[in-house]
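As structure tokens, the structure follows; a few thoughts come after it.
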Amino acid sequence: MRFSNDLVLITGATGHVGSCTLLHLLEAGFNVRAAVRSPAKMASVLSRPQIKALNPGPRLTFTIVPDISVPGAYDNAVEGVTHIIHIASPLASGDNRIPAEQHDEHFIRPAVSGTLNLLEAANLVGTVRRITITSSFVALVPLDELEGHRIRPANRPVTPNDRIAFNPGPYHSSFEAYAASKVAALHHAEAWIERERPAFDVVHLHPGFVLGRNDMATSYTEAMAGTNSVVLALLLGKRFGPFAGTTVHAEDVARAHILSLDLSVPGNQSYILSQDARWNDARQIARKHFSHAIRSNLLVMGGSVKTIPLPVDASLTEEAFGFKFRSYEEQVKSTVEHFLQLRLRRKSVLKRLTEADQVAIGVPQAQDLMMGRTTWAC
Ligand SMILES: NC(=O)c1ccc[n+]([C@@H]2O[C@H](COP(=O)([O-])OP(=O)(O)OC[C@H]3O[C@@H](n4cnc5c(N)ncnc54)[C@H](OP(=O)(O)O)[C@@H]3O)[C@@H](O)[C@H]2O)c1
1 MRFSNDLVLI
11 TGATGHVGSC
21 TLLHLLEAGF
31 NVRAAVRSPA
41 KMASVLSRPQ
51 IKALNPGPRL
61 TFTIVPDISV
71 PGAYDNAVEG
81 VTHIIHIASP
91 LASGDNRIPA
101 EQHDEHFIRP
111 AVSGTLNLLE
121 AANLVGTVRR
131 ITITSSFVAL
141 VPLDELEGHR
151 IRPANRPVTP
161 NDRIAFNPGP
171 YHSSFEAYAA
181 SKVAALHHAE
191 AWIERERPAF
201 DVVHLHPGFV
211 LGRNDMATSY
221 TEAMAGTNSV
231 VLALLLGKRF
241 GPFAGTTVHA
251 EDVARAHILS
261 LDLSVPGNQS
271 YILSQDARWN
281 DARQIARKHF
291 SHAIRSNLLV
301 MGGSVKTIPL
311 PVDASLTEEA
321 FGFKFRSYEE
331 QVKSTVEHFL
341 QLRLRRKSVL
351 KRLTEADQVA
361 IGVPQAQDLM
371 MGRTTWAC
């Protein structure tokens, strides 16, 4: 149930998952306060065409939290807040390899202290009814299974109630450090709730690899950042991996965050956001939807990403939230469509396509722009 005086604090709204979630919050009519690191980050959110189109006015405000790791970081941010969505946490991806000596400082500290500071602040302010924390499937699965060194049997799927031991390091890769940061944040949050027994409860959401249009990306190189880079690099001819075959559409992740604010969804509970995927199916999907881009060499079919089979049971989520996850095909389509739209902003690239192919890809034509028509969802 939503009331007009509800106020949602969101962290991480400058990222892939957070920007999509912010749009869904505003579209659902919530009053939102976004915690960002700097005024420049606030400006980048406000400059997004999708936000401008919604014209949220006073329904969207900001609070600057320069360092989420320092004690009391969120004490001012939670003033008057009824719900919190905590998404901000360092992500590991191909484009941000962190040196081993910085793993603790970069991944573990902000993930754990950021979460605990938020829980402490919410407890002090006393108005918060629910906190949703964006965890990850990596918080539930042992590393050797994530990396394919051990194959998880199909009859023992990952479930939301699985818990694994925290690995204190040293870590051999940024991905291992990232996975440990998500395990640590989950453990600390659950222990804190158990110990403090606050007036609010917590929902932990555990997405698989998130795919789909990233609205914070304003150039095709930015669109290549984060987890979309797996699909895009594959479709640009790269051979790498392996990666676990568990993915989810950014739209579904955003939708689950909004639905999780409803107190009829049981709290102090984990929910997995995932459906099975075979990474290399992206090639067939590209042939089906973007043959024009293949013809113009904007996509290249020689790439390959090996899939590690990882059985996952996300049925509790579909039951509690009442929706079915979008397919891998829809995820790939959304990711590639946005990439091509950004890529085709370069005139030299655009010239390689006929007008009909441009329309097929979704490049806005002069008449769309004049009419102010935007058909791109988040
Ligand atoms: N992408 C996936 O496949 C995936 C899968 C499962 C779970 N998740 C979780 O979803 C969340 C968001 O991921 P994403 O894909 O949206 O990543 P993203 O695009 O890199 O966004 C990360 C967000 O977290 C903020 N952030 C990162 N480190 C921070 C720090 N030290 N202090 C303050 N803010 C920090 C970033 O703020 P700045 O803009 O200021 O850097 C940004 O808003 C993370 O909790 C991640 O673990 C992601």
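Number 339 in full-length UniProt numbering belongs to position 339 of the sequence shown; there are no gaps in the numbering. Even glycine gets a Cβ: it sits at the ideal position worked out from N, Cα and C.
Nearest to R129 by C-alpha distance, out of R150, A28, V78, is V78.
The region 144-153 and the region 302-317 touch, with no fewer than 3 CB-CB distances between them shorter than 8 Å.
Just so you know, the alpha carbons of T115 and V65 end up roughly 13 Å apart.
At the C-beta level, G245 and D276 come within 7 Å of one another.
Short of 6 Å from the beta carbon of Y171, and not among the five residues preceding or following it, lie these beta carbons of its own chain, in chain order: H103, A177. Listed in chain order, the alpha helix (DSSP H) elements of length 4 or more contained wholly in the region 73-160 are 109-125, 143-146. For D201, the enclosing beta strand (DSSP E) covers residues 201-207. Apart from sequence neighbours up to five positions away, the residues of its chain that approach N268 with a beta-carbon distance below 7 Å are I193, D201, V202, ordered along the chain. Under the DSSP assignment, I10 falls in the beta strand (DSSP E) whose first and last residues are 7-11. In this structure, ligand 1 has no non-hydrogen atom nearer than 6 Å to the beta-carbon of P99. In this structure, the straight-line span from the alpha carbon of M216 to that of A88 is close to 14 Å. The region 245-263 makes no contact with the region 291-303; the number of CB pairs closer than 8 Å stays below 3. Taken in chain order, the complete beta strand (DSSP E) segments of 3 residues or longer contained in the region 210-284 are 239-244, 246-249, 269-273. Per DSSP, V336 lies in no beta strand (DSSP E) segment; the continuous alpha helix (DSSP H) that holds it begins and ends at 328-343. The beta carbon of V230 sits closer than 7 Å to the beta carbons of F209, F243, W279, V305 from its chain, once the five residues preceding and following it are set aside; these are given in chain order. Using a cutoff of 6 Å, the CB of A250 does not count as near ligand 1, since none of the ligand's heavy atoms is closer than that. Contact between S19 and I68 fails: their C-beta atoms lie close to 18 Å from each other, not under 8 Å. The Cβ neighbour count for V183, taken over all protein chains shown within 10 Å, is at least 16; the residue is labelled buried.
At a threshold of 6 Å, S89 counts as near ligand 1, since its beta carbon sits closer than that to one of the ligand's heavy atoms.
Of the heavy atoms belonging to ligand 1, none sits nearer than 6 Å to the Cβ of I151. By alpha-carbon distance to L186, the top candidate from K333, L26, A111, E222 is A111. In this structure, DSSP gives K288 a helical state, which the three-state scheme calls helix. Pairing H86 with I133 gives a Cβ-Cβ distance under 7 Å. In terms of CA proximity to V32, N5 leads the group A191, N5, G15. Distances between the C-beta of H86 and the heavy atoms of ligand 1 are all 6 Å or more. Shown here for N76: same chain residues with a beta carbon closer than 7 Å to its own, the five before and five after excluded, namely T63 in chain order.
With respect to the C-alpha of L143, the residue from S174, I98, I272 having the closest C-alpha is S174.
Ligand 1 approaches S136 closely enough that one of its heavy atoms is under 6 Å from the residue's Cβ. Beta-bridge pairing by DSSP links R33 to L9, T61.
Per DSSP, reduced to three states, the secondary structure at K324 is coil, with no helix or strand assignment.
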